[in-house]
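In the numbering used here, the protein residues as written are 9 to 253.
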Amino acid sequence: MTNEINHANPAALHSVPYHVGIIMDGNGRWAQARGRPRLAGHQAGVDNIRRILEASVRYGIKVLTIYAFSTENWQRPMDEVMGLMQLLSLTIKRQLNELHKNGVQIRHSGRMAGINPDLQAQIRHALEVTQHNDRIILNVAFNYGGRAEILDAVRQVIADGIPPDSLTEELFSRYLYTCDLPDADLIIRTGGEWRLSNFLIWQAAYAEYYTTPTYWPDFDEEELYKALLEYNARERRFGRVLQQT
Numbered sequence: 009m010t011n012e013i014n015h016a017n018p019a020a021l022h023s024v025p026y027h028v029g030i031i032m033d034g035n036g037r038w039a040q041a042r043g044r045p046r047l048a049g050h051q052a053g054v055d056n057i058r059r060i061l062e063a064s065v066r067y068g069i070k071v072l073t074i075y076a077f078s079t080e081n082w083q084r085p086m087d088e089v090m091g092l093m094q095l096l097s098l099t100i101k102r103q104l105n106e107l108h109k110n111g112v113q114i115r116h117s118g119r120m121a122g123i124n125p126d127l128q129a130q131i132r133h134a135l136e137v138t139q140h141n142d143r144i145i146l147n148v149a150f151n152y153g154g155r156a157e158i159l160d161a162v163r164q165v166i167a168d169g170i171p172p173d174s175l176t177e178e179l180f181s182r183y184l185y186t187c188d189l190p191d192a193d194l195i196i197r198t199g200g201e202w203r204l205s206n207f208l209i210w211q212a213a214y215a216e217y218y219t220t221p222t223y224w225p226d227f228d229e230e231e232l233y234k235a236l237l238e239y240n241a242r243e244r245r246f247g248r249v250l251q252q253t
C-alpha cells in the first residue's frame with residue numbers, strides 16, 4: 009500500500025458515498041494473464057472482497073453491494089458455474105463467523121430459484137446470523153439481474169393488487185430486492201469495461217460511475233481511494249442546475 013494511502017485521512021473526503029456498488033470484473037483475465045485457470049482468478053477475487061470491505065468501513069461507506077454472479081452467468085461453462093457455487097459455499101463456511109464478529113450485516117439480492125438447496129440454506133443462515141449487525145451492510149448480488157429484479161417486482165405488485173394510479177417510484181422500490189436500502193451513490197467497475205451489465209439498473213439511476221482498467225483481484229485500497237477522490241470531484245445535480253444543488 010502506498011504512502012499516499014497510508015497517510016490519507018478519510019475525514020479529508022468532504023463527501024463519502026453511503027452506498028457503493030462494485031462490478032467485480034476481470035477475475036478470469038487476471039488468471040489467464042498468469043497462466044492459471046479462471047477459477048483461480050475467482051478465488052483471488054473473493055479474497056479481495058474482505059480487503060475492500062475493511063477499507064470501506066474505514067472510509068465510512070455504509071452499504072457495499074458486490075456483483076458476484078449474474079443471471080446471465082449461468083451461460084458460462086458448467087465447470088466454471090459449479091466452481092463459483094462451491095466457492096460461495098466455502099466462503100460462507102470460512103468467513104461467516106469473522107464477518108459476524110466484525111459487525112457486518114450480510115444481505116442477498118437475487119433469485120433463490122436455481123441455486124441448489126444446500127447453498128440456499130447457507131445463504132439464509134448467513135442472513136439470519138448477521139441481521140442485527142450495523143457496522144456495514146455487505147449486499148451480495150448473486151443470481152442477480154437488474155431486469156429480473158424489476159420483472160419480479162412488477163409480478164408482485166400485480167399479485168398484491170396495487171392499483172396502477174397508486175403506484176409511485178417510492179412504492180415500487182419497496183418491491184425490489186434492495187427494498188430497504190438507499191439507491192446507489194457510486195458504481196465502480198473494474199476491468200476496463202464501460203457498461204452496467206444489468207447491475208442495479210433501477211437503483212443506479214442517479215449514481216456516479218467510475219471505471220478502472222485494474223482487474224478486480226488487484227483493486228486495492230489505493231484504487232478505492234482514487235474512486236472516492238473522483239466521486240468527491242463530481243457535482244451531483246439530480247436533474248437540477250448547478251445553482252440549485
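Note that the Cβ used here is the ideal one computed from N, Cα and C, for glycine as well.
Asked                                                                                                                                                : Found
Using CA atoms only, rank isn't needed, just tell me which of L237, F227, E243 is closest to Y67.                                                    : L237
With three or more C-beta pairs closer than 8 Å as the rule, is the region 25 to 38 touching the region 64 to 80?                                    : yes
Where Q51 and S205 are concerned, what is the direct C-alpha to C-alpha distance, given to the nearest angstrom?                                     : 21 Å
Helix, strand or coil for Y239 per DSSP?                                                                                                             : helix
Could you spell out the range, first to last residue, of the alpha helix (DSSP H) harbouring A161?                                                   : 154 to 167
Any idea if S78 is buried or exposed, counting beta-carbon neighbours within 10 angstroms, 16 or more meaning buried?                                : buried
What does a CB cutoff of less than 6 Å around I69 pick up in its chain, not counting 5 residues either side in sequence?                             : V28
R242 to S23, Cα distance in whole Å?                                                                                                                 : 10 Å
What residue range is occupied by the uninterrupted beta strand (DSSP E) comprising L72?                                                             : 71 to 78
Bridge partners of G29, per DSSP?                                                                                                                    : T73, I195
Would you call the region 191 to 205 and the region 171 to 179 in contact, with 3 or more CB pairs under 8 Å?                                        : no
Looking at R115: is its Cβ nearer than 8 Å to the Cβ of L92?                                                                                         : no
Looking only at its own chain, which residues have a Cβ that is under 7 Å from the Cβ of T138, when we skip the five neighbours before and after it? : L107, H108, V112, Q113, I114
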